[in-house]
Amino acid sequence: MKVVYLKLTLKLSLLKKRLLYIITFFLCLSIYSQKKFHFLGKRTDKQELTFRLINNLIVIPLEINGNKLSFILDTGVNKTILFNLTQNDSIGLNNIEKVFIRGLGDGEPIEALLSKGNRFRVKNLTGTNQELYVILKDAFNLSAKMGVTIHGIIGYDLLKDVIVKVNYNSKRIVFYNPKKYKKPKCRKCEVFPLQFYRNKPYIDIKARIDTVNNIETPLKLLVDTGGSDAMWLFENTKDIIKTPIKHFGDIMGEGISGTIYGNRSKIPHVSIGRFKLQEPTVSFLDSTSTFNARQFKQRNGSIGGNILKRFKIWIDYPNKKIIFKKNASLKDGFYYNMSGLHIVHDGQELVKEKALTKLLNSNYEGNKSMRNNIIAFIDTYHYRFKSKYKIDKIVEDSPADKAGIMVGDIILNVNNKPAYQFTLEEIVNLFQTKPNKKIKIKVKRGGVDLRFEFRLEKRI
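Take the sequence shown: its position 59, counted from the start at 1, is 59 in UniProt numbering, and no numbers get skipped.
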């Protein structure tokens, strides 16, 4: 068996927080040439499709060897990774060899597969002879954290061959053929050059970090569509980049070797050319996580989905450019989880639902004016599988922690509404509404139903 050690940073953050998944790769492979993506059929100038926007992340349909899957489009990764295969998924993988992936910390390496010669397809946009890394054990549990099935992530392998327009408002994405693409005429747009390091795009912008001095600091940030937070900053990469006095410790993400922690705060503003975003939330990673994430020594952090979604953006890898055009949400506020609860999808349960069935009595012999107008209702019941949620993590000393909620509790009701009537994203958004809002939660713990109350707490 050939042993390959790889180094790759996999970041997928969500729930208005940064869920960092970092895999460290030490790559000792012979160079393997992948063929470019190309357009099939009559329409060879572009391919348009609808995407799902979940926790600020772009989820697109991707076929691998004829099998339809859901992938996150992530500018922050330079390899295509498949990490969620179920018993119902059957994917024929070509030219397989076994590799071992080592993550953050002192955890044991995880067995994975490197497959070559695969066929990728996004509608009529097709790439042949593609490489794919397959993580056999889903250490990320990303589908549970997002509430929908996510099979993997794709970034550079697709984006290097196209120009992409992302409209976050309409949830439409267009892949353009660079040879036939016409640059949009846009006076209200801002154009920035992209700098690439290990096939990942970086942008130079400015931000006011210090709350005392009205000075903007130049920053070099990874453009990260695979991160749902607004911004990450790496402490001490510049003298001024330090966690503000007003902050709180939070769970920043999950790595193969354990939970990643850091500080959450706000800074006065971020400037993307003429566009100024006031008081964005910022995550400051701890020193260990910063060391592992910062392969590019000039990097100061990342700009993620909670900022990018406020624009229509054109991502142009072939010409090393990115274009921003503001949308209606530019001035929307930046919110964060004020409960301390981190919730995941926990499978499904069979739920008995009551329904009213209407019966029309056509045999009524009374008043002619009343004939055929007698309606009877009877109770009927349907059994359906509904989503189930549980508490995955709790931030220490948070409102939920003080109330007595515990990891592993199964959520039954939220504010007197059955949990299965919510999507995971709806529950999370509820925790990001108004400070001091009362939250009522009913949970099951060890076969016993328990009720808790707490109020959302503004901490920054």
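Using N, Cα and C, we set each Cβ at its ideal position, and we do this for glycine too.
Treat the numbers as computed from the prediction; the structure is a model and nothing was measured.
Close Cβ partners of residue i (< 7 angstroms) along its chain, the five nearest in sequence each way excluded
{"i": "Gln195", "result": "Tyr202"}
{"i": "Asp286", "result": "Tyr261, Gly262"}
{"i": "Arg384", "result": "Val351, Glu353"}
{"i": "Lys325", "result": "Cys186, Lys188, Cys189, Phe311, Lys312"}
{"i": "Lys123", "result": "Gln47, Leu49"}
{"i": "Gln432", "result": "Lys16, Tyr335, Tyr336, Asn337, Met338"}
{"i": "Thr290", "result": "Phe234, Glu235"}
{"i": "Lys35", "result": "Gly127, Thr128, Asn129"}
Residues bridged to residue i (per DSSP)
{"i": "Arg172", "result": "Thr50, Asn167"}
{"i": "Pro218", "result": "Lys206"}
{"i": "Phe452", "result": "Ile441"}
{"i": "Asp250", "result": "Gly262"}
{"i": "Gln278", "result": "His269"}
{"i": "Phe431", "result": "DSSP, once it has assigned bridges, lists no residue as partnering Phe431."}
{"i": "Ile411", "result": "Tyr389, Val443"}
{"i": "Asn416", "result": "None; Asn416 has no bridge partner."}
{"i": "Gly127", "result": "Phe37, Phe120"}
{"i": "Thr75", "result": "Partner(s): none; Thr75 has no beta bridge."}
{"i": "Ser283", "result": "Trp232, Arg264"}
{"i": "Gly301", "result": "Leu221, Leu233"}
{"i": "Gly152", "result": "Phe71, Leu82"}
{"i": "Tyr197", "result": "Lys200"}
{"i": "Ile91", "result": "Answer is none; Ile91 lacks a bridge partner."}
{"i": "Ile135", "result": "Ala112"}
Reference residue i, options the options, closest by Cα
{"i": "Asp250", "options": "Gly304, Tyr336, Val344", "result": "Tyr336"}
{"i": "Thr217", "options": "Val223, Val351, Arg208, Asp224", "result": "Arg208"}
{"i": "His345", "options": "Asn416, Lys98, Glu426, Arg310", "result": "Glu426"}
{"i": "Asp110", "options": "Ile54, Pro178, Glu396, Val134", "result": "In the sequence under discussion, the amino acid at residue 110 is Ile, which differs from the Asp named in the question. That would be Val134, whose Cα lies nearest to the Cα of Ile110."}
{"i": "Ile60", "options": "His247, Phe51, Asn124, Lys68", "result": "Phe51"}
{"i": "Asp157", "options": "Lys179, Ala328, Arg198, Val166", "result": "Arg198"}
{"i": "Arg187", "options": "Gly117, Thr243, Arg274, Lys438", "result": "Arg274"}
{"i": "Ile215", "options": "Val223, Asn124, Lys206, Asp74", "result": "Lys206"}
{"i": "Val448", "options": "Asp409, Phe311, Lys434, Glu396", "result": "Asp409"}
{"i": "Gln130", "options": "Ser170, Glu63, Asn124, Thr380", "result": "Glu63"}
{"i": "Leu142", "options": "Lys42, Leu456, Arg455, Leu424", "result": "Leu424"}
{"i": "Arg264", "options": "Ala403, Lys325, Lys246, Leu277", "result": "Lys246"}
{"i": "Lys320", "options": "Pro435, Glu349, Pro193, Lys220", "result": "Pro193"}
{"i": "Ile391", "options": "Pro435, Tyr381, Ile343", "result": "Ile343"}
{"i": "Thr211", "options": "Leu221, Thr237, Lys242, Asp224", "result": "Lys242"}
{"i": "Arg455", "options": "Ala403, Met252, Lys417", "result": "Ala403"}
Separation of residue j from residue i, as counted between CA atoms
{"i": "Asp161", "j": "Lys458", "result": "44 angstroms"}
{"i": "residue 461", "j": "Ile173", "result": "No statement about residue 461 is possible, as the shown extent of the chain runs from 1 to 460 and does not include it."}
{"i": "Met146", "j": "His269", "result": "29 angstroms"}
{"i": "Leu114", "j": "Glu97", "result": "5 angstroms"}
{"i": "Asn94", "j": "Phe37", "result": "18 angstroms"}
{"i": "Pro178", "j": "Ser302", "result": "27 angstroms"}
{"i": "Phe248", "j": "Gln295", "result": "26 angstroms"}
{"i": "Ser398", "j": "Asn429", "result": "17 angstroms"}
{"i": "Gly105", "j": "Gly227", "result": "In this predicted model, Gly105 has a pLDDT of only 41, less than 50, meaning its place in the structure is not dependable enough to derive any value."}
{"i": "Ile405", "j": "Gln298", "result": "42 angstroms"}
{"i": "Asp204", "j": "Ser387", "result": "42 angstroms"}
{"i": "Leu49", "j": "Arg43", "result": "13 angstroms"}
{"i": "Cys189", "j": "Lys183", "result": "12 angstroms"}
{"i": "Gln348", "j": "Lys185", "result": "49 angstroms"}
{"i": "Pro244", "j": "Lys393", "result": "25 angstroms"}
{"i": "Leu69", "j": "Ile154", "result": "12 angstroms"}
{"i": "Pro435", "j": "Leu73", "result": "33 angstroms"}
{"i": "Leu40", "j": "Leu233", "result": "41 angstroms"}
{"i": "Ile460", "j": "Arg445", "result": "32 angstroms"}
{"i": "Lys276", "j": "Leu222", "result": "18 angstroms"}
{"i": "Tyr381", "j": "Phe422", "result": "20 angstroms"}
Same chain, Cβ closer than 8 angstroms to residue i, five either side skipped, listed in chain order
{"i": "Asn413", "result": "Ala419, Lys440, Ile441, Lys442"}
{"i": "Pro280", "result": "Ala230, Met231, Lys266, Ile267, His269, Val270, Asn306, Ile307, Phe334"}
Cβ shell of residue i (< 6 angstroms), same chain only, five flanking positions each side left out
{"i": "Gly152", "result": "Phe71, Ile81, Leu82, Phe83"}
{"i": "Ile411", "result": "Tyr389, Ala419, Val443"}
{"i": "Tyr168", "result": "Lys309"}
{"i": "Trp314", "result": "Lys165, Ile323"}
{"i": "Leu450", "result": "Val443"}
{"i": "Tyr317", "result": "Leu159, Lys160"}
{"i": "Leu330", "result": "Arg310"}
{"i": "Asn56", "result": "Ser228, Gly305, Asn306, Lys309"}
{"i": "Ile31", "result": "With a pLDDT of only 42 at Ile31, under the threshold of 50, the placement of this residue in the model should not be trusted, and no figure is reported."}
Closer than 6 angstroms: residue i CB and nearest the ligand ATP heavy atom
{"i": "Lys42", "result": "By its list of ligands, the structure shown contains no ligand whatsoever, and the ligand ATP lies outside what it can speak to."}
Start-end ranges of the alpha helix (DSSP H) lying completely within the segment 311-350, minimum 4 residues
none
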